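Numbering (the working numbering), first residue to last: 1350 to 1494.
As structure tokens, then:
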């Protein structure tokens, strides 16, 4: 019976040892599984963080481009208004030039009329002068006779 008790004790010790080893191995495996799970989760979190940071960069770039477009649009609107103002000034100046041309044409016609009148007057004056000189000369020669 002693042998039986010793055999039972040895079996109990071996069973306990195997059971302990089995739990220890399971614990290591579960620890490894947990570490793998956490490492995969960390890796996926890192990937998500990388994607989010890339998206943030893209969003910042898009916002900067939007600001540049808005600024360019504002500048273009200012240039457009300046261009329209200048175009209106040019139109006004062209109309003034047209009025000035018309006035100049009228002045030129008036000058031509005055020149014609003067030429006519001068020709008449020359004829009269010539005629009066001839008369005077003719009268003086008649008086001398």
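For glycine and all other residues, C-beta sits at the position ideal for the given N, C-alpha and C. For clarity, every value in this text was computed on a predicted model and none was experimentally measured.
*Whole-angstrom distance between residue 1352 and residue 1369, CA atom to CA atom*: Distance between the alpha carbons of residue 1369 and residue 1352 is about 25 Å.
*What separation, rounded to the nearest whole angstrom, lies between the Cα atoms of residue 1441 and residue 1452?*
For the pair residue 1441 and residue 1452, the Cα-to-Cα distance works out to about 16 Å.
*asked:* Just to confirm the assignment: which complete alpha helix (DSSP H) runs, minimum length 4, are found wholly within the stretch 1449-1483?
replied: Along the stretch 1449-1483, the alpha helix (DSSP H) does not occur as any fully enclosed run of 4 or more residues.
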